[in-house]
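Numbering (UniProt numbering), first residue to last: 38 to 334. Beta carbons are placed, not taken as given, at the ideal position from N, Cα and C, and that holds for glycine. Worksheet: the structure to be examined is printed underneath.
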Ligand code: GDP
């Protein structure tokens, strides 16, 4: 959900039925909690007795209609208050479902939810749907897409990455928010989950190694800074390339071993890309602040 309040950056409001997984999503995506640990988020531990995937599956089915009703009333009310709100529907805990079943469930929920909107003569409201689980990267990917809708110069970022890729022999590149592993932009080639997971894993490795070995001289410093960089060569002739863009953002790119032979060119192209990215990101930040100023006045 998006709503700009006075002197505030855009906000994402997470809503859902009790036990639908809101706190877990927050902890896993933003606080690096291991998915299994979310079992203990509640004061009672009785959920531990349950087989996780089967219990969430049954729960999911049970809550289906009630969740749709709540979604319908919430969307209608929120739209009345602020017609600019964007609605993102997470069909969560799908780890218990087969791939076919996931598609079927998404189609059914999509049809019923948009049908409800039509019944209320609110066809103009657009709902986006995502199949998510905290047990794989789907929740990070969904959050990435939600956050990207809040970035004003996304098209420019995408174009810069396209140019960087084609001039450097790179197959795919992501701009990561280092802290959450959400990608805030990528080039315009399609994202496949395996590549995204690989890049997330690389980021984890770099941060973990930096946590252990990176703070020796300056214990107060951040584990991620201007000097953060890494190249990982995999045994399938793929190379992963990570560079710092700014305090919060890193570029992670994936390329073939033979393209990496032109390393000097890639580094030089990155140097130019970094400057351009910093300008665009700065612009985006200023734009948000300006739009808040005008809403406050
Ligand atoms: P909230 O009330 O919406 O904040 O829900 P919680 O975050 O407390 O989650 C309730 C339960 O759902 C916890 O036991 C979580 O471990 C579990 N849960 C959350 N996300 C997932 C998921 O993606 N898959 C499965 N199987 N369980 C999940």
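Report task. Label residue 318 either buried or exposed according to how many other C-beta atoms from any shown protein chain fall within 10 Å of its C-beta, with 16 as the threshold for buried. Result -> buried
**Request:** Indicate whether the contact test is met: 3 or more Cβ pairs, each with one atom in the region 101-114 and one in the region 145-152, closer than 8 Å.
**Result:** yes
*asked:* Only counting the same chain, and skipping five residues up and downstream in sequence, which positions put a Cβ closer than 7 Å to that of residue 70?
replied: 64.
- Short check: CB of residue 350 to CB of residue 131, under 8 Å? Shown here, the chain extends from 38 to 334; a query on residue 350 therefore has no answer.
TODO: With a threshold of 16 other CB atoms inside 10 Å of the CB of residue 61, please say whether the residue is buried or exposed.
DONE: buried
Give the single residue among 226, 190, 191 and 181 whose Cα lies nearest to the Cα of residue 217. 181
Sort 229, 237 and 205 by Cα distance to residue 215 and report the nearest one. 237
**Prompt:** Cα-Cα, which of 151, 184 and 200 is closest to residue 219?
**Reply:** 184
- Query: Candidates 170, 171, 72 and 150: which alpha carbon is nearest residue 335's?
  - Reply: Absent from the model: residue 335. The displayed extent of the chain is 38 to 334, so no value can be given.
Residue 190 beta carbon less than 8 Å from that of residue 304: no
Which residues DSSP lists as bridging residue 219, in chain order: 214
Which residues bound the alpha helix (DSSP H) around residue 184? Run containing residue 184: 175-185, per the alpha helix (DSSP H) assignment.
Would the beta-carbon of residue 299 be found less than 7 Å away from any heavy atom of the ligand GDP? no
Return the CA-CA distance between residue 201 and residue 231, expressed in angstroms with no decimal places. Between residue 201 and residue 231, the C-alpha separation is close to 22 Å.
Q) Three-state secondary structure (DSSP) at residue 118? A) helix
- Message: Runs of 4 residues minimum, wholly inside the region 226-277: which ones carry the alpha helix (DSSP H) assignment?
- Response: 230-250
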